[in-house]
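First the structure, in the form of structure tokens, and then the observations on it.
Residue numbers (my numbering): 100 to 240.
Spelled out as structure tokens, the structure:
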């Protein structure tokens, strides 16, 4: 359904430093970069979704959208936690620690961050067994 997501940023180098380790951990690569934008995705599958960080085309300052969030699907709770930590290490801010959010379903596991420009990201996965011991330390309702 989604072809690409594009977020506005103030500094492409800072955005690349933030997003590169996140997308590498997810098995994705930088597909393209020019003076206006940088893009990540699966370089071997041009029909797969892409994620762009770009300087605003209208030249106005970049601003995060109110109510806008991009959710990135992950393999498991460990990857969600690792990506949350990577985001914080690379200039992101915490918007919600990794854990179960049972109000969205009994297996919905997520962590929330904002990139250095304030764009909100969610790292998500569906837990096969939300009560397992390996997840118990990270769960929160």
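Beta carbons: idealized from backbone N, C-alpha and C, even for Gly.
Does the region 184–192 come into contact with the region 116–133, if we say contact requires no fewer than three beta-carbon pairs (one atom in each stretch) closer than 8 Å?
yes
Three-state class that DSSP yields for residue 120 in the structure shown:
Residue mapping note: residue 120 aligns to position 21 of the chain shown, counting from 1. Helix, per DSSP.
Would you kindly work out how many angstroms separate the C-alpha atoms of residue 205 and residue 154, rounded to a whole number?
Here residue 205 refers to the residue found at position 106 when the chain shown is read from its first residue. Here residue 154 refers to the residue found at position 55 when the chain shown is read from its first residue. Taking the straight line joining both Cα atoms gives about 39 Å.
What first and last residue would you give for the alpha helix (DSSP H) that runs through residue 180?
The residue labelled residue 180 in the question sits at position 81 within the chain shown. Counting along the chain, the alpha helix (DSSP H) containing residue 180 begins and ends at 176–188.
Which runs of the alpha helix (DSSP H) at least 4 residues long sit entirely within the region 128–181? Give them in chain order.
none
Note the first and the last residue of the continuous beta strand (DSSP E) segment covering residue 195.
Position 96 of the chain shown, counting from 1, holds the residue named residue 195. Where residue 195 is concerned, the enclosing beta strand (DSSP E) stretches over 192–199.
At the level of alpha carbons, what is the spacing between residue 159 and residue 215?
Position 60 of the chain shown, counted from the start, is the residue given in the question as residue 159. Position 116 of the chain shown, counted from the start, is the residue given in the question as residue 215. Between residue 159 and residue 215, the C-alpha separation is close to 17 Å.
Roughly how many angstroms separate the alpha carbons of residue 112 and residue 137, rounded to a whole number?
Taking the first residue of the chain shown as 1, we reach residue 112 at position 13. Taking the first residue of the chain shown as 1, we reach residue 137 at position 38. The alpha-carbon atoms of residue 112 and residue 137 are separated by roughly 9 Å.
May I ask you to report which of helix, strand or coil DSSP gives residue 226?
As a first step, residue 226 must be located in the chain shown, where it is residue number 127. The answer is coil: DSSP assigns residue 226 none of H, G, I, E or B.
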